[in-house]
Amino acid sequence: MLPTSSALRAVLLIAIVAAYGCESMGETEVEAVLLASPSGDIQIEVRTDAEGRLSYTVTRRGETVIERSPLGLVSTGHDLSTGVTMFSSSVRTVDESYTMPTGKRRERRVIGTEITVPLRGANGARAELILRAHRDGAAFRYRLLGQGVSRVTSESTGFAIPAGARMLSRPYDGGDAIFAPSAGGYEMPPFIVPLGEAIDRTGFAFPTLFEIEAGARYIMVSEADLDESYCGTRLHETPEGRLYRIRFPDEREGRGIGGVIPEAVLPFSTPWRVIALGDLATIVESTLVDDLSASSAIDDPSWIVPGRAAWSWFSQETGTPELQSEYIDFAGEYGWDYVLIDAKWDQWENAEQEAQNLVAKAEAVGVKLLLWYNSGGPHTVSPGETPLDRMLEPVRRDEMDKISRWGVAGIKVDFFNSDKQDRIEQYIGILEDAADFELLVNFHGSTVPRGWQRTYPHLMTLEAVNGAENYKFAGVGNAPTAIMNVQHALLRNVVGSMDYTPVVFESALANAGLPYAHSLALAVLFESGIQHFADRADSVQTAGYRQVFRAYPFVGDFLSTVPVAWDETRLVQGDIDSHVFLARRSGTQWYLAGIHAAEQATEYMFALDFLNEGTYAISWIAQDEFADSFRLVSETAAAGDLVTVDMPANGGFVATLTPL
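For the sequence shown, the working numbering begins at 12 and goes up steadily by one.
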């Protein structure tokens, strides 16, 4: 009988131990450990040098994609910077399945390999280095053992990128009054940076994409399974040549509230350092950040329902209860699931009774309400936006209990402004408490997705993007352009749901020259468990959505039925410099969306090779003669057919593909 692939990997590990090991205290010391993915395509190797310094490399199909890079950390009880000894261990196979109510793919299967490498620091303290290798990447994390409280004073982890690569990332913060270092956030535009070039910010935000070979080889670096034991991290703003190290938050974040150095009771683990690998389609379709994170803490997720939402704040502020009543009417008329009532609703006269009245009205037309809250607290940079201080302990549970009894379906919590450990504790606390009261959660002014949507599937979406609301502040310079939208689909939205608040027709055209069809495409191109459509939806027939839907009823029909959670997602075509076309499936129905960033019309050709065999009815919605017009075209096509799309300047399209 031939050995299994797992057994072969164990033999390989034993061979390494035999070649490099020696006996110590009943354990086998090793100088190198190698872990391969089940296919053998991806390998991560860890070594110690003569001084006991840890380092690693990652290869894909025999090619080095992460060059020799440092590992290690220093805490009050552990020194894993030098003098580290590794010991042998065995490989285990990872094979698990889970279901998500949101995201790019509902049914997930995780297949990989894992090894937990025992470590001994120079002072004798024990720790572990846990390695993973999957089809779509590799990952590692540290686990500190012992008792008592430990403070991690530094982490040496880095990523050495091959020469010639290009970097697509975002600065962690901005330099103007709104996005100052004290605000701490992820709302600056993406940009392409020459490898090794420093920026005058406080880090490169996760996720960061490195293009080694256009269209063929990419690396995406992020983190997963962050809990209260650690802070959120990012890449240092000043690389050491081609080496990018992890850095902790800036002390100014959150208005200086909270400590920079993470501390926790032993034993505890750091987040996974995640390295997704492959062609651009593999990166975009990857669920590695979720796959590495803790399983769902929700026993019965039946109350977690994704959906479309109307939202007045972008176009008309929160306004009065009467305005919100009009938005409820609109949502009921067009089959949208939610209405989000944003900041300062608590300042209405008799606010709590008004909110309960709106809940009752919404329920009568099949709509549920979501309420906005400020996360702060003294850490927030916007203390004038209320309700304030209600998402902090000890009052948080009382507030959640109250609004859940009203019938409110969920909360949007805003202005976190920091990745320090105290804010991570608040995120987790909100999620745990909200689960007890069956409240959906949307984090705005927030960190990026770090796998929490798997553990807490009622986390429907997170902002962490310079989304459509920036058209409201066009003078700041962060209003999304066509190329930013292309790059958001290939960068930020890859790691989790993104509350971009899309489909703002008139504002996107006026502020960024984006045709209406480009804005419509974002309803499919961008994934969010609750998709907040941000244009005007009051009773006025000559403005906002009502005006567009009257002129083009097929657009209203499309937005009334477009899903927000998907069974499958495929990158059809894409380039970080120019365009992106995505196909998403819900049941047997496929949705296709594309945008490009070019000042001239461009023709694109692609194959419908994502379809199952058969013939399909295709309904295309694209730009007509003018940028604020639409046309509907119907045709049939078969799986695998070549399709040609003519895109006007900065244009976009959506299509539904129905099997016949």
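Glycine is no exception: its CB is placed at the ideal position from the N, C-alpha and C atoms.
Cβ pair residue i, residue j closer than 8 Å
| i | j | result |
| --- | --- | --- |
| Gly-148 | Leu-288 | yes |
| Leu-84 | Ser-66 | no |
| Ile-309 | His-469 | yes |
| Thr-244 | Ile-257 | yes |
| Thr-70 | Val-102 | no |
| Asp-510 | Ser-326 | no |
| Arg-72 | Glu-234 | no |
| Ile-352 | Arg-253 | no |
| Leu-7 | Tyr-345 | As shown, the chain starts at 12 and ends at 671. That puts residue 7 outside it, with no answer to give. |
| Phe-664 | Ala-532 | yes |
| Arg-162 | Ile-272 | yes |
| Phe-544 | Pro-513 | yes |
| Arg-5 | Tyr-197 | The requested residue 5 is not part of the displayed model; the chain covers only 12 to 671. |
| Val-370 | Val-419 | yes |
| Ile-541 | Ala-216 | no |
| Ala-500 | Val-591 | yes |
| Val-506 | Pro-218 | yes |
| Val-551 | Ser-530 | no |
Closest residue to residue i among the options (Cα-Cα distance)
| i | options | result |
| --- | --- | --- |
| Arg-595 | Tyr-615, Phe-621, Ala-519 | Phe-621 |
| Leu-382 | Gly-169, Ser-323, Thr-492 | Ser-323 |
| Gln-464 | Ala-618, Gly-132, Phe-641, Asp-238 | Asp-238 |
| Ser-306 | Tyr-197, Ala-61, Arg-119 | Arg-119 |
| Lys-483 | Ala-475, Thr-466, Asn-522, Arg-461 | Asn-522 |
| Asp-447 | Arg-407, Ala-133, Ala-342 | Arg-407 |
| Ala-554 | Ile-223, Gly-440, Asp-639 | Asp-639 |
| Asn-496 | Gly-605, Thr-599, Leu-442 | Gly-605 |
| Arg-143 | Ile-441, Ser-304, Thr-164, Glu-251 | Ser-304 |
| Val-128 | Ile-141, Gly-135, Ala-490 | Ile-141 |
| Ala-150 | Arg-162, Pro-205, Gly-88, Ile-230 | Ile-230 |
| Glu-396 | Pro-317, Asp-430, Asp-348, Phe-426 | Phe-426 |
| Pro-201 | Tyr-602, Thr-492, Pro-260 | Thr-492 |
| Arg-64 | Thr-93, Pro-49, Val-121 | Thr-93 |
| Ser-518 | Gln-552, Phe-537, Glu-474, Gly-478 | Gly-478 |
| Met-375 | Glu-404, Ala-342, Gly-157 | Looking at the sequence provided, one finds Ala at residue 375 rather than Met. Selected option, being the one with the closest Cα: Ala-342. |
| Val-600 | Gln-584, Ser-630, Val-583 | Note on identity: in this sequence residue 600 is Gln, with Val being the wrong assignment. Nearest option by C-alpha distance: Ser-630. |
| Arg-587 | Phe-98, Ala-47, Val-204 | Position check: residue 587 holds Ile in this sequence, whereas Arg was assumed. The candidate whose alpha carbon is nearest that of Ile-587 is Val-204. |
| Gly-267 | Arg-228, Asn-368, Asn-428, Glu-139 | Asn-428 |
| Gly-214 | Tyr-255, Ile-422, Ala-225, Glu-74 | Tyr-255 |
| Asp-184 | His-607, Met-658, Val-476, Ile-294 | Val-476 |
| Val-105 | Gly-88, Arg-146, Gly-132 | Arg-146 |
Host alpha helix (DSSP H) of residue i (start-end)
| i | result |
| --- | --- |
| Glu-344 | 332-345 |
| Lys-413 | 407-417 |
| Thr-293 | 291-296 |
| Val-300 | 299-302 |
Boundaries of the beta strand (DSSP E) in which residue i is found, first to last residue
| i | result |
| --- | --- |
| Glu-363 | No beta strand (DSSP E) holds Glu-363; the alpha helix (DSSP H) holding it covers 362-375. |
| Arg-64 | Unbroken run through Arg-64: none, as it is neither H nor E. |
| Tyr-438 | Taken as a continuous stretch (DSSP letters only), Tyr-438 belongs to no beta strand (DSSP E), being part of the alpha helix (DSSP H) at 432-447. |
| Gln-54 | 53-59 |
| Gln-634 | 626-634 |
| Arg-177 | 177-180 |
| Thr-466 | Run containing Thr-466: none in the beta strand (DSSP E); it sits in the alpha helix (DSSP H), 463-466. |
| Glu-42 | Run containing Glu-42: none; DSSP gives neither H nor E here. |
| Val-665 | 663-670 |
| Met-199 | Neither: Met-199 is in no beta strand (DSSP E) and is coded neither H nor E. |
| Ala-171 | 169-171 |
| Leu-470 | 470-473 |
Residues that DSSP places opposite residue i in a beta bridge
| i | result |
| --- | --- |
| Phe-325 | According to DSSP, which records beta bridges pairwise, Phe-325 is partnered with nothing at all. |
| Lys-423 | Trp-383, Asn-453 |
| Pro-282 | Looking at the DSSP assignment, Pro-282 forms no beta bridge with any residue, so it has no partner. |
| Ser-161 | Ala-275 |
| Tyr-229 | Glu-222, Gly-289 |
| Ser-645 | Ser-630 |
| Val-656 | Tyr-615 |
| Glu-153 | Checking the sequence shown, residue 153 turns out to be Tyr, not Glu. Tyr-153 is bridged to Leu-140. |
| Ile-352 | Leu-382 |
| Phe-215 | Pro-182, Leu-246 |
| Gly-318 | Ile-541 |
| Ala-47 | Gln-54 |
heavy atom of the ligand ADP below 7 Å from residue i C-beta
| i | result |
| --- | --- |
| Gly-159 | The ligand ADP is not part of this structure, which contains no ligands at all. |
Length-filtered (4 minimum) alpha helix (DSSP H) runs lying within the segment 524-611: 527-536, 555-562, 564-572
At 4 residues or longer, what runs of the alpha helix (DSSP H) sit wholly inside the segment 492-521? 493-501
Report the residue ranges of all beta strand (DSSP E) runs contained in full by the segment 240-264; include only those spanning at least 3 residues, in chain order. 254-258
Ranges of the beta strand (DSSP E) found wholly within the segment 72-146, counting only runs of at least 3: 74-81, 84-86, 96-98, 102-110, 118-131, 137-145
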